[in-house]
Amino acid sequence: MDDVDAVQAQIARTMLASGDWVTARLDGVAYLEKSPLIYWMMAASYRVLGVSDWAARLPLALAAVLLCWVTYRFGRWAMGERAGVYAGVSLATAAGLYLFTRILIPDATLTLTITVAIWAAMRLLEPDEPRRGAWIAGMGVALGCGLLLKGLIAVVFPALAIAAYLAVTRQLLHWTAWRRLALGRVALCALLIAAPWHLLAMVRNPPLVAFSMHSGPGEYRGFFWFYFFNEHLLRFLNLRYPRDYNTVPRALFWALNLVWLFPWSAYLAGAGRLSYAPETRAGRMRLMAVCWIGMVMLFFTFSTTQEYYSMPTYPAMALLIGSALAEGRLFRLGSRALMAVCAGLTAGLGTLLALVARIHVTGEIAQALVQHPEMYTLSLGHMGDLTLAAFAYLKLPLAVATAAFGGGTAGLWLARRSTGKTVAVLAAMMIVFFQASRLALVRFDSYLGSYPLAERLVQSPPGALIEADAYYAFSSVFFYTDRTALLWNGRKDNLEYGSYAPDAPRAFIGDEEFAARWRSDARYYLLAYDTDLPRVAELAGRDRVHVVAENSGNSLVTNLP
């Protein structure tokens, strides 16, 4: 897809081709805001399997599977086999984990490192833990990899959760607990993994250090300032420039966790009936889960947020849900509530399917959508584009989703007396629903991506490429063609800061240079929104606008016949 999905994949491809594993680049411009491990993982996949969108997604898919397995093992160690299985299954089939792993963001992998770090801390705090050395190393590796995935929050979240847990269990001021955690050895291991890249990035993108709380256009202070100040501190304070992101309202951010953990969130209330006595391992684990959830959510209550920022809490909530299911706490109440929700979804989706069943559709789904660009800085901003007419293009996904929830409703009734059977029914329901979601995403492919334009560009005569607007707008074209472009009025958003670096390539052009190039005898191609084409004609003449391909309101045009 366009936007961040293809951007991440292309950065990894550039790293592999250039051999520069330190500084991420897009269109030759330094892209300093993200840690590199996600790119290294994709590049390694490319090296083994070749460059493809499938190879780009494989590391994230494996990380998600490993996350569910670690959650199962964590739960089994603390609460027993059944609770562990229920925790792993509930996480694996939760709506949020599926939804937010459709795009190439590192958050599921980050959540894996946080989960391993917290589990390791719990193991180290056990007085009779027989494999202390392995868990010290495991915690250090997890924190080091987390730092290379998404920066300081990979350490901040486990640290806050562990500190809160020690405070609740009255161990915060006890030297014995800190000695068991062996934080010096953990920190050394983490630094051995994470420090080399940070130091190299500082050296290769000088000045080495800079300190300022001001962030604005035209300023370049190297990697250290941009990464640690702009991307960590100023983003937390909502003072970062460029302001190319949005934030979810606080109350909605909290409430949406019930959606992201659906359908298992129906059993979360049962966690309130569990024992949290620290005398048992299960009680200690539940206390840690509460501290874990509370610290992450509290952190983002004071920061900017995206819908998926609460993902690091998913394993903790899955552990509580698994424990509540294993002990049967409020099981029948949760099942009844879930049965009502699934019945309502079945009726709603069935009604929607009936309303659009006889609507004949032609062409692409884009013509039935209403764009809301102001919402696209949110991860789910495109959801607001849907209209009733758009659902006429989604009849098969609607039918499959209706069948999933209808079958889930019936299955819940039949399995109402058995926790194990209920878990199996819900897992099967969500697997079928995920297939419906996949079918819908396929239908949206041409709207969310630009593969048809990339395909035509590859088949066209040679020529230089220009892109109107920011790089992200047509990023899938750059991935599928492996080309760079001149960016017409595109010096903004994520590439703006790197464009001010002393060694930045001359990749950005304004109206005057664009018009001169477009009127020349050399062949150029332009990727642009259809709404930009009148401006092209105004600058270079209508006889210089030849449409090569169109796709969902976007066009590939050339200046020569």
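Going from the sequence shown to our numbering is simple: count from 1 and add 596.
For glycine and all other residues, C-beta sits at the position ideal for the given N, C-alpha and C.
- In the structure shown, the three-state DSSP call for tryptophan 1084 is strand.
- In the displayed model, threonine 697 falls within coil according to three-state DSSP, outside both helix and strand.
- Restricting attention to Ala716, Ala760 and Thr705, the CA atom closest to the CA of cysteine 741 is found in Thr705.
- Contact between leucine 693 and tyrosine 910 holds, since their C-beta atoms are separated by about 6 Å, short of 8 Å.
- Here DSSP, grouped into helix, strand and coil, assigns histidine 956 to coil.
- With contacts defined by Cβ atoms closer than 8 Å, threonine 1018 and threonine 942 do not form a contacting pair.
- Between glycine 671 and leucine 915, the CB-CB gap stays under 8 Å.
- Only residues of its own chain outside the window of five on either side were considered, and among them Ala716, Arg719, Leu720 and Glu725 have a CB closer than 7 Å to the CB of tryptophan 731, listed in chain order.
- For isoleucine 1062, the uninterrupted beta strand (DSSP E) run begins and ends at 1060 to 1064, by DSSP.
- One alpha carbon belongs to valine 799, the other to valine 751, and they sit about 23 Å apart.
- For tyrosine 1121, the enclosing beta strand (DSSP E) has its first and last residue at 1120 to 1125.
- Positions of the alpha helix (DSSP H) runs, each at least 4 residues long and wholly inside the segment 630 to 666, are given as 633 to 645 in order along the chain.
- The beta carbon of alanine 862 is closer than 8 Å to those of Gly930, Ser931, Ala933, Leu934 and Val937 in its chain, skipping five residues each way along the sequence.
- Bridge pairing for leucine 1152: Leu1123 and Ala1145 [DSSP].
- It is roughly 43 Å from the alpha-carbon of aspartate 1126 to the alpha-carbon of alanine 1024.
- Membership of histidine 770 in any alpha helix (DSSP H) is not indicated, and neither H nor E is assigned to it by DSSP.
- Under the DSSP definition of a beta bridge, alanine 626 partners with Arg621.
- In the DSSP assignment, tryptophan 821 falls outside any alpha helix (DSSP H) and carries neither an H nor an E.
- Burial check for tryptophan 821: the Cβ neighbour count within 10 Å reaches 16 or more, so the residue is buried.
- Straight-line spacing of the CA atoms in proline 859 and glutamate 677 works out to 21 Å.
- Between alanine 1064 and asparagine 1085, the beta carbon gap of about 7 Å places them in contact (Cβ cut-off 8 Å).
- Shown here for leucine 1156: same chain residues with a beta carbon closer than 6 Å to its own, the five before and five after excluded, namely Arg1119 in chain order.
- DSSP places phenylalanine 1075 in the helix class (H, G or I) of the three-state scheme.
- In the DSSP assignment, asparagine 853 falls within the unbroken alpha helix (DSSP H) covering 853 to 856.
- Looking at the DSSP output, isoleucine 714 shares a beta bridge with no other residue.
- Judged by DSSP secondary structure, threonine 983 falls outside any alpha helix (DSSP H); it is assigned neither H nor E.
- Following the DSSP letters along the chain, one finds leucine 739 inside the alpha helix (DSSP H) bounded by residues 728 to 746.
- Judged by DSSP secondary structure, glutamate 875 falls outside any alpha helix (DSSP H); it is assigned neither H nor E.
- The residues Gly671, Gly918, Ser919 and Ala922, in chain order, have a CB closer than 6 Å to that of alanine 679 in the same chain once the five nearest residues on each side in sequence are set aside.
- Taking all protein chains shown into account, alanine 950 has fewer than 16 neighbouring C-beta atoms within 10 Å of its C-beta and is therefore exposed.
- Taking one beta carbon from each stretch, the segment 1044 to 1055 and the segment 1145 to 1155 have 3 or more pairs nearer than 8 Å; the two touch.
- Under DSSP, isoleucine 1105 takes part in a beta bridge, and its partners are Trp1084.
- Counting C-beta pairs with one atom in each stretch, the segment 881 to 890 and the segment 958 to 968 have fewer than three that are closer than 8 Å, which means they do not touch.
- In its chain, beyond the 5 residues on either side, Ala674 and Met675 have a beta carbon closer than 6 Å to the beta carbon of alanine 878.
- For arginine 831, the CB contacts under 7 Å within the same chain, skipping 5 residues up- and downstream, are Thr900 in chain order.
- An exposed status is given to valine 966, since fewer than 16 other beta-carbon atoms sit within 10 Å of its beta-carbon.
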